[in-house]
Structures are given as structure tokens and as C-alpha cells.
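Visitor:
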Amino acid sequence: MKEHFSLRGRTALVTGAGRGIGAAVAKELATLGCHLILAGRTAERLQAVEAEIKAEIKADDNQASSSSIDTLPVDICEKEWLTALCDQDDAIDIFIHCAATFADYGPLEERTDEEIRAVIETNLTAALRISGALLPQMKKNNYGILLFIGSRAASLGAANQVLYATAKGGLEALVRSLTAENARFGIAAHLLELGLIDTERTHESMTDSTRRRMAAGTPAGRIGTPEDVAAAVRYLVSPDAIYLRGITLRIDGGMGLGLAPTNEPR
Numbered sequence: 020m021k022e023h024f025s026l027r028g029r030t031a032l033v034t035g036a037g038r039g040i041g042a043a044v045a046k047e048l049a050t051l052g053c054h055l056i057l058a059g060r061t062a063e064r065l066q067a068v069e070a071e072i073k074a075e076i077k078a079d080d081n082q083a084s085s086s087s088i089d090t091l092p093v094d095i096c097e098k099e100w101l102t103a104l105c106d107q108d109d110a111i112d113i114f115i116h117c118a119a120t121f122a123d124y125g126p127l128e129e130r131t132d133e134e135i136r137a138v139i140e141t142n143l144t145a146a147l148r149i150s151g152a153l154l155p156q157m158k159k160n161n162y163g164i165l166l167f168i169g170s171r172a173a174s175l176g177a178a179n180q181v182l183y184a185t186a187k188g189g190l191e192a193l194v195r196s197l198t199a200e201n202a203r204f205g206i207a208a209h210l211l212e213l214g215l216i217d218t219e220r221t222h223e224s225m226t227d228s229t230r231r232r233m234a235a236g237t238p239a240g241r242i243g244t245p246e247d248v249a250a251a252v253r254y255l256v257s258p259d260a261i262y263l264r265g266i267t268l269r270i271d272g273g274m275g276l277g278l279a280p281t282n283e284p285r
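Start counting at 1 in the sequence shown, then tack on 19, and there's your number in the working numbering.
What follows is the structure, encoded as C-alpha cells:
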């Protein structure tokens with residue numbers, strides 16, 4: 020049996036950490052003992068996640084975690100907070116970009132410039148900017164892990180969510196290009212391509228009937244959970260994934276499989 024690994028001495032930045040997938044990822048990383056920087060728009064949500072993590076660690080007598088946590092209530096599309104963060108002495112070793120936003124549901128021709136800007140900047144531009152700011156120190160340390168939350172909307176296409184699908188598609192190109200440029204420096208970049216995940220955001224944007232229909236059409240027979248995503252993150256930051264570079268890992272319950280027509284059995 021392999022020993023439990025630790026990320027003590029490492030620092031992880033998680034965007035979109037105030038709820039959903041980002042919060043689940045933060046909680047998973049906390050069990051590994053790394054220092055956490057939780058970034059998001061709402062201070063109260065970040066503080067709630069911090070309190071939950073600390074309570075879970077305190078309640079678990081077998082918990083070997085020594086995680087420390089900083090909350091960073093910011094608009095990740097701004098530049099000032101990132102400059103200040105990179106000016107600090109502690110290097111950031113792991114970056115997980117969970118922050119995301121959608122435009123209103125509807126055809127592309129009805130989308131406004133403001134919606135275009137918000138969706139592209141949050142999902143893609145922020146990922147580019149933050150990665151670029153963190154890479155120099157990662158190269159210096161010959162260590163870095165960059166993980167991005169993508170979507171099957173990008174590879175399958177998403178009618179009435181063209182902006183979101185396009186931005187998420189850009190993340191796949193980002194991962195491939197980051198890998199080509201930086202893998203030799205001990206830096207790994209990966210994309211987690213998600214199907215429908217059971218989060219507050221998906222509850223807000225979808226009807227219950229749509230969610231049930233999508234779950235029924237998924238080979239796994241259910242939609243995913245934030246904890247499913249966090250488990251994949253745990254693997255990708257582990258020593259077991261040390262040789263992986265530039266992968267796209269689908270976490271979708273088999274979404275899209277089995278749709279090709281087949282002959283009826285004779």
C-alpha cells in the first residue's frame with residue numbers, strides 16, 4: 020500500500036473558492052497539509068469555507084493536516100491583487116482555477132459586449148494572467164502544478180451558451196501550450212473537463228427537469244458532485260501523477276457516449 024502523501028511546505032491558490040467546486044477542492048487540499056490561499060468575490064463565503072475546513076480538521080483526530088489558510092476577497096479579473104500576491108515571499112506552487120461565470124441563456128446575437136467581456140475575462144483571461152504571473156517562480160523552483168476547470172460544453176458544443184463554451188475551449192489550448200512551453204521546468208498543466216456537476220450555480224441556471232433529463236442521459240446515471248472533482252484534483256497533485264503533462268481528464272460520468280446509432284439485435 021502506498022503511503023499517504025503530504026503537501027506540507029507547498030502553497031496552493033484556489034480561485035472561485037467560496038462555494039461549489041472551488042470550496043470542495045480547497046477542503047481536499049487542506050487534508051494534504053498545504054497552505055491555502057482562497058480567492059473569490061465574497062469575503063463571507065470565503066470565511067465560511069475557512070471555518071468549515073478548520074472545524075473538520077479539529078474534529079478529525081487522525082487528521083495529519085497542518086494547513087494554514089488565507090482568504091482573499093478579490094475580483095480575479097483585476098491586476099492589483101495579483102501583483103501584491105506575487106510580491107510576497109512565499110511562492111505559490113499550485114494554482115487551481117475554479118472561478119467561472121455564465122452569460123444569460125440565449126443565442127449569441129443577443130449577448131452584450133458586457134457579457135462577452137465578463138465571461139471571457141473570468142474563465143479565460145484570468146487564467147492566462149494568473150498563470151503568467153506565477154510561472155517565473157515555478158520555473159525557478161522547478162516545480163508547479165496548474166489545473167483548470169474546463170467543460171464538456173467546449174468539446175460537445177453548447178447552444179445558447181456560446182460564450183461559455185468558447186472560453187472553456189480556450190483553456191484546453193492554454194493547457195497544451197503551457198505544457199509545450201514549460202514541462203521541461205518541472206511544471207505540469209492539466210484540464211479537468213467537467214460534465215454537469217451538482218452545484219449551487221447549476222441549480223441557479225437550470226430547471227430541475229433539465230437536470231433530471233441530463234442525469235438520465237449520462238451513462239453513469241447521475242450528475243457529478245464537487246467531491247468527484249476534488250478527488251481528481253487530489254490525484255493530479257499527487258506523486259502518482261508526476262509524469263503526466265498536458266492531459267485533459269474528463270469527469271463527466273460518460274456524457275456523450277452511446278449516442279451513435281446502432282443496429283437492433285437480430
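Every residue gets a Cβ at the ideal spot worked out from N, C-alpha and C, and that includes glycine.
Quick check on this structure: which residue in Leu55, Ala152, Tyr254 and His23 has the alpha carbon closest to the alpha carbon of His209?
Guide: Translated into positions along the sequence shown, residue 209 becomes position 190. Nearest C-alpha to His209: Tyr254.
Visitor: DSSP puts Val89 in a beta bridge; with which residues?
Guide: As a first step, residue 89 is located in the sequence shown; it is residue number 70 there, counting from the start. For clarity, residue 89 is Asp in the given sequence; the question names Val instead. The partner list for Asp89 (beta bridge, DSSP) reads Ile56.
Visitor: Taking the alpha carbon of Ile216 as the point to measure from, which residue in Phe24, Gly28 and Gly41 has its own alpha carbon closest?
Guide: Taking the sequence shown and counting its residues from 1, one reaches residue 216 at position 197. When the alpha-carbon of Ile216 is set against those of Phe24, Gly28 and Gly41, the nearest one is in Gly41.
Visitor: Ile72 and Ser87: beta carbons closer than 8 Å?
Guide: The sequence position of residue 72 within the sequence shown is 53, counting from 1. The sequence position of residue 87 within the sequence shown is 68, counting from 1. No; because the gap between Cβ atoms is not below 8 Å, this pair is not in contact.
Visitor: State the DSSP-derived secondary structure class of Arg27, mapped to helix, strand or coil.
Guide: Counting from 1 along the sequence shown, the entry for residue 27 is found at position 8. Residue state, collapsed to three classes: coil.
Visitor: Looking only at C-alpha atoms, which of Ala58, Leu91, Ala49 and Cys105 sits nearest to Asp79?
Guide: The sequence position of residue 79 within the sequence shown is 60, counting from 1. Considering only alpha carbons, the answer is Ala49.
Visitor: Does DSSP put Val252 in a helix, a strand or coil?
Guide: By one-based count along the sequence shown, residue 252 stands at place 233. Correct three-state label for Val252: helix.
Visitor: Does the beta-carbon of Pro245 have 16 or more other beta-carbons within 10 angstroms, so that it is buried, or is it exposed?
Guide: Translated into positions along the sequence shown, residue 245 becomes position 226. Label assigned to Pro245: buried.
Visitor: Since Ser170 sits in a beta bridge, which residues does DSSP pair it with?
Guide: Locating residue 170 in the sequence shown gives position 151, where the first residue counts as 1. Ser170 pairs with Leu213.
Visitor: Going by the DSSP bridge assignment, what does Val138 pair with across the sheet?
Guide: On the sequence shown, residue 138 is found 119 positions in, with the first residue counted as 1. According to DSSP, which records beta bridges pairwise, Val138 is partnered with nothing at all.
Visitor: Compare the Cα-Cα distances from Ile206 to each of Arg232, Thr229, Gln156 and Gly243 and report the closest residue.
Guide: As a first step, residue 206 is located in the sequence shown; it is residue number 187 there, counting from the start. Selected option, being the one with the closest Cα: Gln156.
Visitor: Helix, strand or coil: which one does DSSP assign to Arg241?
Guide: Reading the sequence shown from its first residue, position 222 is the one you call residue 241. In the structure shown, Arg241 sits in coil (DSSP, three-state: anything other than H, G, I, E or B).
Visitor: When you compare the stretch 196-203 with the stretch 218-234, are there three or more beta-carbon pairs, one atom per stretch, that lie closer than 8 Å?
Guide: no
Visitor: Is the beta carbon of Asp106 less than 8 Å from the beta carbon of Ile56?
Guide: To locate residue 106, count along the sequence shown from 1; it is residue 87. To locate residue 56, count along the sequence shown from 1; it is residue 37. The answer is no: Cβ separation not under 8 Å.
Visitor: Quick check on the burial criterion: 16 or more other C-beta atoms within 10 angstroms. Buried or exposed for Ser150?
Guide: As a position in the sequence shown, residue 150 is number 131, starting the count at 1. Under this definition Ser150 is a buried residue.
Visitor: Using 8 Å as the cut-off, can you tell me whether the stretch 176-187 makes contact with the stretch 114-125, which would need three or more C-beta pairs spanning the two stretches below that distance?
Guide: yes
Visitor: Report yes if the C-beta distance between Phe114 and Leu51 is below 8 Å; otherwise report no.
Guide: Residue mapping note: residue 114 aligns to position 95 of the sequence shown, counting from 1. Residue mapping note: residue 51 aligns to position 32 of the sequence shown, counting from 1. It is not a contact, given that the beta carbons lie outside the stated cut-off.
Visitor: Out of Leu154, Ile135 and Leu213, which has the shortest C-alpha to C-alpha gap to Ala173?
Guide: Translated into the one-based positions of the sequence shown, residue 173 becomes position 154. For the residues Leu154, Ile135 and Leu213, the minimum Cα distance to Ala173 belongs to Leu213.
Visitor: Which same chain residues, not among the five before or five after Leu109, have their C-beta less than 6 Å away from its C-beta?
Guide: Locating residue 109 in the sequence shown gives position 90, where the first residue counts as 1. According to the sequence shown, residue 109 is Asp rather than Leu. Cβ within range, chain order: Thr30.
Visitor: The alpha helix (DSSP H) with Thr185 in it runs from where to where?
Guide: The residue you call residue 185 lines up with position 166 of the sequence shown. Unbroken alpha helix (DSSP H) run through Thr185: Val181 to Asn201.
Visitor: Check this for me: beta carbons of Thr141 and Ala178, under 8 Å apart or not?
Guide: Residue mapping note: residue 141 aligns to position 122 of the sequence shown, counting from 1. Residue mapping note: residue 178 aligns to position 159 of the sequence shown, counting from 1. Against a cut-off of 8 Å, the Cβ pair of Ala178 and Thr141 comes out as no contact.
Visitor: Below 8 Å on the Cβ atoms is my guess for Ala239 versus Gly272; work out the distance and round it to an integer in Å.
Guide: As a working mapping, residue 239 is identified with position 220 in the sequence shown. As a working mapping, residue 272 is identified with position 253 in the sequence shown. Contact holds; Cβ gap of about 3 Å.
Visitor: Sorted by chain position, which residues of the same chain lie with C-beta nearer than 8 Å to Met20's C-beta, five sequence neighbours on each side aside?
Guide: The residue you call residue 20 lines up with position 1 of the sequence shown. In this predicted model, Met20 has a pLDDT of only 35, less than 50, meaning its place in the structure is not dependable enough to derive any value.
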